[in-house]
Amino acid sequence: MYIKDIILDGFKCYEEKTTIKNLDKFYNAITGLNGSGKSNIVDAIIFVLGLESRKLLRTNSLKELINVKRKDCKVTIVLNNSDKNKSPEGYVDYNEIIISRSYDFMGKSKFMLNNHSCSMNTIHKLTSKIKKIIFEDELSKNILSLKNYLENYIKDKNLLDEVEQRMNDLECIESDENNINIKEMLDDEKIKYDELKNNNLNDKLNYEHEEDKRKYFSLKSKINYTPGHNIFGTVDENINLKNEKYREAIFTILGNKAKYIIVNDEQTGSKLLKDSEKRVSVIPLSKINAKYIKNDLIRKVKNEGGIHAIDLVEFDSKYKKAMEHVFNGYFIFEYSDAAQKICYEYKIICVTLDGSIYDPKGTLTGGKLNYKIDIIKRSDIEILEKK
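Encoded structure:
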């Protein structure tokens with residue numbers, strides 16, 4: 001709905017009947033010299049709608065609205081009501097709504113609605129309905145604008161998360177590794193095993209021999225590397241669980257990172273990768289940056305029954321940055337309902353005792369691991385070497 005025509009007759013400077021027709025639905029401009037009556041057109045609209053504020057009409061008396069050469073004045077506006085979705089209640093059947101008001105020197109004011117006499121209150125009720133429609137229309141536009149803004153924000157946020165993830169991935173250099181010393185050790189263990197078998201001693205293998213056999217096949221299945229200067233071993237070799245109760249959760253968090261090799265710096269990591277034949281990942285202590293977790297957040301999660309994952313493992317303090325890189329950002333809960341609640345409330349990754357992962361991005365990984373993760377310590381390998 002919008003004002004289509006304005007008709008002024010004896011109103012202020014408009015002595016003769018003047019019609020302003022075919023106004024645009026969206027945009028109109030009133031131009032002219034100073035004193036040509038531009039503001040009087042706005043005053044006329046205020047007058048016909050029954051808004052008699054002296055401040056709005058810029059006059060002390062309605063009589064001042066009558067042209068000096070006339071005894072009365074009249075203003076009519078024609079509203080286009082063709083859009084039935086925005087028609088005021090009770091006026092859907094009208095394609096046009098015509099509002100008129102006249103006023104004379106005797107102080108008599110008369111309102112007309114669609115050529116029928118009516119009261120000022122009727123006009124006010126109509127304008128209230130129109131205001132409601134305008135408000136709802138503006139509200140819909142604002143909601144749509146907000147929706148578009150939020151959609152764009154989510155897209156930008158997802159893109160930023162993807163970029164951050166890629167940057168974190170680049171910090172762990174991946175490649176292949178094949179370690180000669182470990183291979184030699186495996187060969188020695190195989191020889192020992194074959195000798196026992198060839199000498200028909202299989203039926204007499206004691207606990208020590210069985211342990212050697214188990215460790216041989218276990219070592220064979222692992223990704224190997226050369227421990228030495230500036231190479232400190234894999235993540236799982238450098239940690240001890242404080243409580244076996246949390247083994248499933250801890251190794252769910254570790255995943256493939258359990259076999260990431262901790263090195264002193266990028267140069268050592270690059271050399272290790274260059275000399276390798278199998279795929280490995282390294283964590284250079286001089287380069288790696290752990291995700292920062294605020295102490296206040298850790299305290300709040302603990303109050304909710306959660307445990308910061310890094311607090312459940314023991315390790316040498318010189319590997320603190322590597323362990324923070326692996327475990328920071330993960331919290332362990334005993335029950336799934338608490339893990340799910342805290343995950344979305346504080347936007348953190350929560351893991352239950354059975355290895356179910358709740359991610360604030362909306363993903364859920366559930367179920368126990370279908371294999372047993374076996375930690376082979378450097379001390380175990382040294383014992384086998386002596387044998």
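Numbering (full-length UniProt numbering), first residue to last: 1 to 387. All C-beta atoms in this analysis are idealised placements derived from N, C-alpha and C, irrespective of residue type, glycine included. Computed from a predicted structure; not experimentally measured.
Straight-line gap, residue i to residue j (C-alpha atoms, nearest Å)
{"i": "Leu49", "j": "Asp161", "result": "55 Å"}
{"i": "Ser53", "j": "Lys110", "result": "17 Å"}
{"i": "Lys361", "j": "Leu57", "result": "58 Å"}
{"i": "Asp72", "j": "Ile45", "result": "17 Å"}
{"i": "Asn121", "j": "Ser36", "result": "33 Å"}
{"i": "Ile41", "j": "Asn22", "result": "15 Å"}
{"i": "Asn240", "j": "Val313", "result": "6 Å"}
{"i": "Lys86", "j": "Leu8", "result": "27 Å"}
{"i": "Asp169", "j": "Glu195", "result": "46 Å"}
{"i": "Ile66", "j": "Thr18", "result": "14 Å"}
{"i": "Ile43", "j": "Ile3", "result": "Reading off the sequence, residue 43 comes out as Asp, not Ile. Asp43 and Ile3: Cα-Cα distance of roughly 14 Å."}
{"i": "Tyr292", "j": "Ile250", "result": "19 Å"}
{"i": "residue 388", "j": "Thr268", "result": "Only positions 1 to 387 of the chain appear in the structure, and residue 388 is not among them; the question remains open."}
{"i": "Leu150", "j": "Lys257", "result": "35 Å"}
{"i": "Glu184", "j": "Val326", "result": "31 Å"}
{"i": "Ile133", "j": "Pro88", "result": "7 Å"}
{"i": "Lys300", "j": "Thr352", "result": "18 Å"}
{"i": "Ser39", "j": "Ile123", "result": "22 Å"}
{"i": "Gly306", "j": "Ala290", "result": "20 Å"}
{"i": "Ile6", "j": "Glu15", "result": "15 Å"}
{"i": "Val235", "j": "Asn303", "result": "29 Å"}
{"i": "Glu266", "j": "Asn181", "result": "23 Å"}
{"i": "Leu126", "j": "Glu64", "result": "27 Å"}
{"i": "Asn114", "j": "Ile130", "result": "16 Å"}
{"i": "Leu285", "j": "Ser317", "result": "12 Å"}
{"i": "Phe331", "j": "Tyr319", "result": "20 Å"}
{"i": "Leu159", "j": "Tyr153", "result": "10 Å"}
{"i": "Asp275", "j": "Asn295", "result": "41 Å"}
{"i": "Asp354", "j": "Tyr246", "result": "9 Å"}
{"i": "Ser117", "j": "Asp156", "result": "59 Å"}
Residue i, buried or exposed, once every other Cβ within 10 Å from all chains shown has been counted against 16
{"i": "Phe232", "result": "buried"}
{"i": "Tyr358", "result": "buried"}
{"i": "Asn238", "result": "buried"}
{"i": "Ser128", "result": "exposed"}
{"i": "His308", "result": "buried"}
{"i": "Leu144", "result": "exposed"}
{"i": "Gly107", "result": "exposed"}
{"i": "Val263", "result": "buried"}
{"i": "Met1", "result": "buried"}
{"i": "Val163", "result": "exposed"}
{"i": "Val280", "result": "buried"}
{"i": "Gly10", "result": "buried"}
{"i": "Cys13", "result": "exposed"}
{"i": "Lys147", "result": "exposed"}
{"i": "Ile342", "result": "buried"}
{"i": "Ser356", "result": "buried"}
{"i": "residue 395", "result": "Nothing can be reported for residue 395: it is not among the residues displayed for the chain, which extend from 1 to 387."}
{"i": "Tyr261", "result": "Reading off the sequence shown, one finds Ile at residue 261, where the question assumed Tyr. Counting Cβ neighbours within 10 Å, Ile261 comes out buried, since at least 16 surround it."}
{"i": "Gly32", "result": "exposed"}
{"i": "Val68", "result": "exposed"}
{"i": "Ala29", "result": "exposed"}
{"i": "Phe47", "result": "buried"}
{"i": "Tyr91", "result": "buried"}
{"i": "Glu26", "result": "Going by the sequence as given, residue 26 is Phe instead of Glu. Label assigned to Phe26: exposed."}
{"i": "Phe105", "result": "exposed"}
{"i": "Ile191", "result": "exposed"}
{"i": "Tyr103", "result": "buried"}
{"i": "Glu345", "result": "exposed"}
{"i": "Glu248", "result": "buried"}
{"i": "Glu189", "result": "buried"}
Host beta strand (DSSP E) of residue i (start-end)
{"i": "Asn80", "result": "72–80"}
{"i": "Phe333", "result": "330–333"}
{"i": "Lys110", "result": "109–113"}
{"i": "Arg101", "result": "96–104"}
{"i": "Leu8", "result": "2–9"}
{"i": "Thr352", "result": "349–352"}
{"i": "Thr18", "result": "18–20"}
{"i": "Ser117", "result": "116–118"}
Distance cut-off 7 Å: residue i Cβ against heavy atoms of the ligand NAP
{"i": "Lys192", "result": "This structure does not include the ligand NAP; it has no bound ligands of any sort."}
Endpoints, alpha helix (DSSP H) assigned at residue i
{"i": "Ile46", "result": "38–48"}
{"i": "Tyr346", "result": "336–346"}
{"i": "Ile66", "result": "No alpha helix (DSSP H) holds Ile66; DSSP gives it neither H nor E."}
{"i": "Asp296", "result": "295–303"}
{"i": "Val326", "result": "320–327"}
{"i": "Arg54", "result": "54–57"}
Neighbour flag for residue i against chain C, beta carbons, 8 Å
{"i": "Leu113", "result": "Among the chains in the structure shown there is no chain C, since it carries only a single protein chain."}
Could you tell me which uninterrupted alpha helix (DSSP H) segments, each at least 4 residues in length, are contained entirely in the segment 220–287, listed from first to last along the chain?
For the alpha helix (DSSP H) assignment, the uninterrupted runs of no fewer than 4 residues enclosed by the segment 220–287 are, from N- to C-terminal side, 247–254, 266–274.
At a cut of 8 Å, does the segment 78–86 reach the segment 96–114 through at least three beta carbon pairs?
Taking 8 Å as the limit for Cβ pairs, the verdict is that the segment 96–114 does touch the segment 78–86.
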